[in-house]
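First residue of the sequence shown: 1167, per the working numbering; consecutive thereafter.
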Amino acid sequence: MWLPVLGLLLGIAIGFGSNFTIPEEYSNYLSLAILASLDTLVGGIRAHLESAYDELVFVTGFFFNIILAIGLAFLGVHLGVDLYLVGMFAFGVRLFQNIAVIRRILLAKWTASRRKK
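Following this line, the structure appears as C-alpha cells:
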C-alpha cells in the first residue's frame, strides 16, 4: 500500500522540480486525468481498509477512469460543451465519498482499539 503513495509523492516532487509547462489547451485533460487517478488511488486505499482490494480491479479501474475522463473531455471539446466539468464533478463526488468512508473506518478502528485498553 505504501508503494502507490511513494510513487505519487515522487511524481509530485519531480513535477515541482522540473521546468515543464503544459499547454493551455491540454490543461482540462490533465486536470481530469489527475483527478481520476486520485479517485482511483483513494478508492484503492478504501478497498484495502475494507479487505476487498484486488490488484486487477485497481489497475484496470485506473486506466478505465482516465480514458473515460479524457474521452468525455475530448467529446465535449468537439461538441462545444464543457463536458470536462461533468467528469470533474463525478470524480470529485466519488473522491469525497471515499475519503468519508476511509475516515469512518479509521475512526471505528481507533475507537475499537481504545475500548480494548
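Glycine included, C-beta positions come from ideal geometry on N, C-alpha and C.
- By the CB criterion at 8 Å, residue 1235 and residue 1253 fall inside the cutoff.
- Under the 8 Å Cβ criterion, the segment 1211-1225 counts as touching the segment 1253-1269, having at least three qualifying pairs.
- Between residue 1206 and residue 1224, the gap from beta carbon to beta carbon is short of 8 Å.
- Under the three-state reduction of DSSP output, residue 1170 falls in the helix class.
- Here the segment 1192-1207 lies against the segment 1216-1230, with 3 or more beta-carbon pairs under 8 Å apart.
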